[in-house]
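In mature numbering (1 follows the signal peptide of the UniProt record, and there is no 0), the protein residues as written are -24 to -1, 1 to 132.
See below for the structure under consideration.
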């Protein structure tokens, strides 16, 4: 019986290990030219918010993400925005200024590299724990309080 359980669980643990290792090789590049290996974010909560300029709910939550970012600037938390439409860099920078986004915005789409699957709608925010494991995908508009709540609940 023990052998059967071991044989059944081994593939599950192998997949989890492979997913964690694959995240280690991911490099997040922002619109300011900074490159951050995902492995450097170990020990921090990582939030990646996908948004679009044509999405009113996305635009409505930007002030909340700005507030969350400033409230946690000195905490072990990293927040990144990703424009779902992946416009050229100059256009993306203009949108960041236009919508007053204060937190780092990524160039390109890290969804595939981070095994997030297809992003079929926005806004969506992915939350990774300090071990680099995806703990939550939040669909719809968020507030600074809702983000704090998810992190707090995921700690326990």
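Just so you know, even glycine gets a beta-carbon here, dropped at the ideal spot from N, CA and C.
Any chance you could list the beta strand (DSSP E) runs of at least 3 consecutive residues sitting entirely within the segment 20 to 84, in chain order? 21 to 27, 53 to 59
Quick check on DSSP: helix, strand or coil for residue 107? coil
Cβ neighbour criterion (16 or more within 10 Å) applied to residue 96
exposed
(request) Give every residue of the same chain whose Cβ lies closer than 6 Å to the Cβ of residue 119, excluding the five residues on either side of it in the sequence, and list them in chain order. (result) 40
_I believe residue 79 touches residue 105 by the beta-carbon criterion, under 8 Å. Please report the beta-carbon distance rounded to the nearest angstrom._
Actually they are not in contact, since the Cβ atoms of residue 79 and residue 105 sit about 19 Å apart, beyond 8 Å.
Boundaries of the beta strand (DSSP E) in which residue 3 is found, first to last residue: 3 to 5
> With distances taken between CB atoms, is the gap from residue 47 to residue 7 smaller than 7 Å?
Replying inline: no
- Query: Between the beta-carbon of residue 14 and the beta-carbon of residue 60, is there less than 7 Å?
  - Reply: no
Worksheet item: At what residues does the beta strand (DSSP E) containing residue 11 begin and finish?
Response: 11 to 13
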